[in-house]
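Worksheet for the structure shown next.
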Amino acid sequence: MSVTMFDQIKDGLQDMFIKHDPKMLNNIYGSQAVTPYWVADMEFPVANAITEELRRLVDRGIYAYEFNSRGVLEALVAWYGKRNNLSLNADSFIQVPGVLTGISLLLQALTEPEEGVLIQVPAYHQFDNVISRVNRKVVRNPLVINNGKYEIDFNDLEKKLCSENIKVMLLCNPHNPTGRVWTVDELQRLVDIAEKHQVYIISDEIHSDIVYSGHHFNSIVSLAYDKSIALLGSPAKTFGMHSISNGYIYTENQAVFSKVDALASAMYLDHGNALSTFATIAAYEKGEQWVDDLLTYLEATVGWIEDFIKEELPQVRMFKPEGTYQIWFDFSGLGLNDEELKSLVFHKAGMGLTPGSWFGAGSDQFLRMNIASPLARIQDSFERLGIEVNRHLSAS
């Protein structure tokens, strides 16, 4: 692979990135001496069009009130139409500060305190947090591994819907951390069950543009169920705009739209600032080639890691992602207890992977890795991991 902008290693930046925060690293790993792969953001320079638009705004030196929400929504409609063959209505979006804010607003609008919200586990740990913080009950539907791939346990799902006073299913598609991109058949079965029990489906689709060859993203709103709501639009994961992005709720259910829109408006959460607004328009209108190049780079990285695991670390099971730039690993084959595993990966190999325990009970032998990082850095980390694993196996 030729050297690209994604290969740039920018060490020594003057930053306050969460991934480098000494206090957080010490809390998670007991050390600052780790290469951080735990936060689901990017270490890549954003598309030039985004930087140029931000520079245009900053160079003016004036920050008067300036809004173009309609321009953002029209850019979203055009993007999803072209990339995912979705026919969306600009008037059916609600702008919010981010996806988690959107989930919180939706749960407050659609449920009452103590009612159940179902999630598939292992799950993005903030799902549990946001549900609990609005005083709703977290109900867990464990995914099952079948032929090396995670699948929805529909029998358990329906049992939970029958017994747990559930009003909302919170779906993640593509799924974080397992990397699954749910098929049309899986989503249709989910919708059929939801319709039978008259529960809402809120679908976090923030990774919808990060889908690899042989797989296709299908939004929940493309299926005919009027209680489906998608958190479709956020340039955060797609374009690396994590700290300068908004989120966008999409629903064609007018009753839901009116209720959530009124709640967001009452809290003055329904608009962004000029920097996020115009950077988002630039991203969706001019960033397509950058995204295509990103996907090519990430797919090559996945391939390199897969080959390394097979050849050098066969005791480690890798769940090859269909989407997202997260990889989920099962380290139980090393025969280490939980503390020994942390010591080997975090302290000896210096890899700051996300602890599996964050994603739910029973995942202590699993670790998640964010691979949106230069391949040379990732290769160096895996080489060190390989050395430490072989040292452990030789001593056993």
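Note that the working numbering has the sequence shown beginning at 5, numbered continuously upward. C-beta atoms are modelled at their ideal positions from N, C-alpha and C, and glycine is treated no differently.
Residue from the options whose Cα sits closest to the Cα of residue i
i      : options                        : result
His396 : Gly339, Phe370, Leu235         : Gly339
Tyr329 : Asn31, Ala44, Asp19, Asp11     : Ala44
Arg144 : Tyr128, Leu389, Arg137, Arg87  : Tyr128
Tyr69  : Tyr204, Gly276, Ser361         : Gly276
Gln369 : Glu344, Ser385, Ile285         : Glu344
Ser91  : Ala353, Asn139, Lys241, Val225 : Val225
Asp311 : Ala82, Phe386, Leu279, His220  : Phe386
Ser347 : Leu371, Gly364, Glu326, Phe363 : Leu371
Ile214 : Met20, Ala365, Ala376          : Ala376
Asn88  : Val393, Gln383, Phe97, His219  : His219
Val100 : Tyr272, Glu190, Ala283         : Tyr272
Glu315 : Asp384, Gly390, Thr255, Ile253 : Gly390
Ser367 : Pro126, Arg64, Lys86, Leu61    : Pro126
Asn177 : Asp189, His211, Glu190         : His211
Gly354 : Met46, Ile206, Arg381, Asn139  : Arg381
Leu235 : Lys352, Asp296, Glu256         : Glu256
Gly16  : Gly34, Val62, Glu47, Tyr33     : Glu47
Arg140 : Asn150, Val172, Lys352, Gln383 : Val172
Beta-bridge pairing of residue i - partner residues as DSSP gives them
i      : result
Ala234 : Ser207, Tyr254
Cys176 : Asp208
Arg372 : Trp332, Thr358
Thr39  : Met355
Gln99  : Tyr252
Val153 : This sequence places Lys at residue 153; Val is not what is there. In the DSSP output, where bridge partners are listed per residue, Lys153 has Asn150.
Val215 : Gly327
Ile170 : Gly120
Met322 : Phe333
Residue environment, residue i, which counts as buried when at least 16 other CB atoms sit within 10 Å
i      : result
Phe10  : buried
Ile13  : exposed
Phe71  : exposed
Thr187 : exposed
Lys231 : buried
Ile313 : buried
Ala37  : exposed
Lys241 : buried
Ser238 : buried
Glu116 : exposed
Asn31  : exposed
Ala268 : buried
Cys408 : Lying outside 5 to 400, the shown extent of the chain, residue 408 is not represented and no answer is given.
Met20  : exposed
Glu118 : exposed
Asp208 : buried
Ser280 : buried
Ser400 : exposed
Val4   : Here the chain has residues from 5 to 400 only, and residue 4 is not among them.
Close-in-space but distant-in-sequence residues of the same chain around residue i (CB under 7 Å, 5 per side omitted)
i      : result
Lys263 : Ala113
Pro49  : Met9, Gln12
Ile22  : Met28, Val43
Met5   : Low local confidence applies: a pLDDT of 44 at Met5 is under 50, so the model's placement there is unreliable, with the coordinate-based value given in what follows. The residues are Ala304.
Ser336 : Gln369
Glu155 : Leu147, Val148
Gln130 : Leu104
Ala283 : Ile54, Glu57, Leu58, Met245, Ile248
Glu199 : Tyr229
Tyr301 : Thr8, Phe10
Val138 : Ser108, Leu111, Gln112
Residues of its chain near residue i, where Cβ-Cβ distance is below 8 Å and the 5 sequence neighbours each way are ignored
i     : result
Thr55 : Pro49
Boundaries of the beta strand (DSSP E) in which residue i is found, first to last residue
i      : result
Asp334 : 330–334
Met20  : Careful: Met20 lies outside any beta strand (DSSP E) and carries neither H nor E.
Ser142 : The sequence as given places Val at residue 142; Ser does not occur at that position. Its beta strand (DSSP E) spans residues 141–146.
Gln124 : 120–125
Gln192 : From DSSP, Gln192 is part of no beta strand (DSSP E) but of the alpha helix (DSSP H) over 188–201.
Glu116 : From DSSP, Glu116 is part of no beta strand (DSSP E); its letter is neither H nor E.
Boundaries (first-last residue) of the alpha helix (DSSP H) holding residue i
i      : result
Phe282 : 278–290
Asn133 : 129–137
Phe386 : 379–399
Ser367 : From DSSP, Ser367 is part of no alpha helix (DSSP H); its letter is neither H nor E.
Gly183 : From DSSP, Gly183 is part of no alpha helix (DSSP H); its letter is neither H nor E.
Phe243 : 239–243
Thr8   : Note, Thr8: premise wrong, no alpha helix (DSSP H); not H, not E.
Ser73  : 73–88
Asn422 : No answer is possible for residue 422: the residues shown for the chain start at 5 and end at 400.
Neighbourhood of residue i by C-beta distance below 6 Å, restricted to the same chain and skipping five residues each side
i      : result
Pro325 : Gly183, Ile331
Asp334 : Arg321, Phe370
Val195 : Leu227, Tyr229
Ile135 : Val121, Val142
Val81  : Leu92, Ala94
Tyr288 : Ala79, Trp83
Ile107 : Val134
Lys290 : Ala53
Pro40  : Lys23, Gly356
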